[in-house]
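Residues 0 to 255 in our numbering are what the sequence shown spells out, letter by letter.
Note that beta-carbon positions come from the ideal geometry of N, C-alpha and C, so glycine has one too.
Encoded as structure tokens, the structure appears first; notes follow it.
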Amino acid sequence: MIQWVYWVWYAIGAILMLTIGVPEALSFSNGLFLVFYALYVLDLIYQQQHHRSDLSDQSVKWLRPSLWISSFIIWLGGMGVEWIGVHTHWPFGEYDYSDFFGIHLFSVPVTLGFAWIAVVGNSALISGGGSTWGGKLVRALKTGFWAIVLDFVLDPVAHARGFWEWQAPGGFYGVPWTNYISWFIMGAFLSLFLPAMPKDRRSLLRAKWLYQLFILLFGLLALKEGITGSFIIAIAGVLLAEGSWLYDPRRKVQRV
């Protein structure tokens with residue numbers, strides 16, 4: 000169910016943002032989009048190893064303590080580093096959030112914690128692995144890479160559209176270079192709290208589409224805002240994700 004909610008929300012939001020913009024009356028939808036993105040990612044990560052159609056079996060995954068513990072750790076870690084960033088200007092640089100993403104907690108939108116879950120989780124899904132500590136470390140480096148590629152597209156667009164505002168000029172389209180480095184480090188670190196990723200073709204395919212269409216949306220928004228560099232990176236991200244899919248051994252594993 001969550002995947003359909005997400006894609007309907009995505010389609011409506013994409014049409015509005017690429018044309019007339021999101022009406023003031025629907026401003027609440029911005030934060031909900033991040034929540035639905037995070038829930039869809041968690042649904043992919045924590046799905047049953049063997050797919051069954053009955054509702055009782057599908058509901059079990061949402062009762063797993065491991066799901067809520069790891070999700071809360073990432074949410075708290077993301078919110079914590081955002082709080083540090085807003086109040087100390089380290090490690091992301093000097094910036095402030097608008098009301099675009101809803102209710103604030105200590106000057107940070109609550110939904111930003113879900114954004115961290117979504118980006119880190121989606122990046123980890125593409126990266127795969129993680130059943131051993133060695134595997135988790137390799138996955139962490141890959142996750143940091145996918146997160147920073149996405150951030151090179153997302154942050155310049157967010158800055159240009161007033162989602163949040165950087166005070167110091169410079170960097171990549173007004174966003175300090177330290178911000179991108181920090182996203183790589185934090186994305187890699189927070190991914191260590193996630194379990195091993197699913198090993199079936201369908202889960203990987205959905206994760207790939209999720210990443211590709213998200214980065215493509217913001218790439219098109221970047222093009223609309225005249226941020227050519229971010230648009231080029233978005234296209235590169237789509238192609239790299241496709242290449243990762245083609246050479247991922249999980250692509251040959253079917254769900255039973």
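#### Entry: Cut-off 7 Å between Cβ atoms - residues of its own chain near L193, not counting five sequence neighbours on either side
I44, S69, G120, A123 and G129
### Query
Which whole-angstrom value is the C-beta distance of R205 and R250, which I expect to be below 8 Å?
At roughly 12 Å, the Cβ-Cβ gap does not stay under 8 Å, so R205 and R250 are not in contact.
### Message
My assumption, with CB atoms under 8 Å, is that G143 sits in contact with L111. Please give the rounded CB distance.
### Response
Not a contact, Cβ separation roughly 18 Å.
### Message
Taking the alpha-carbon of W132 as reference, which of A195, A10 and G20 has the nearest alpha-carbon?
### Response
A195
### Task
For the alpha helix (DSSP H) holding Y5, just list the boundary residues, first then last.
I1 to L17
### Task
Could you spell out where the alpha helix (DSSP H) holding E241 opens and where it closes?
T227 to L245
### Message
Looking at the secondary structure, which residues open and close the beta strand (DSSP E) in which A172 lies?
### Response
The question names Ala, but residue 172 in the sequence shown is Tyr. Y172 -> no beta strand (DSSP E), and no H or E assigned at all.
### Task
State the DSSP-derived secondary structure class of E93, mapped to helix, strand or coil.
coil
### Query
Does DSSP put E224 in a helix, a strand or coil?
coil
### Message
Going by C-alpha to C-alpha distance, which of L17, I1, G12 and E23 sits closest to L222?
### Response
L17
### Task
Would you list the one or two residues that DSSP bridges to V107?
L104
#### Entry: Pick from A13, Q2 and F99 that is closest to E23, judged by C-alpha positions
F99
### Task
Note down, in chain order, each residue of its chain lying with its Cβ closer than 7 Å to the Cβ of F151, except the 5 sequence neighbours on either side.
F171, Y179, S229 and I232
### Query
Would a C-beta distance cut-off of 7 Å place A167 and E93 closer than the cut-off?
yes
### Task
Below 8 Å on the Cβ atoms is my guess for L149 versus V107; work out the distance and round it to an integer in Å.
Actually they are not in contact, since the Cβ atoms of L149 and V107 sit about 19 Å apart, beyond 8 Å.
### Task
Could you spell out where the beta strand (DSSP E) holding E81 opens and where it closes?
Taken as a continuous stretch (DSSP letters only), E81 belongs to no beta strand (DSSP E), being part of the alpha helix (DSSP H) at P64 to T87.
### Message
Quick check: the segment 206-218 against the segment 235-247, are at least 3 beta-carbon pairs closer than 8 Å?
### Response
yes
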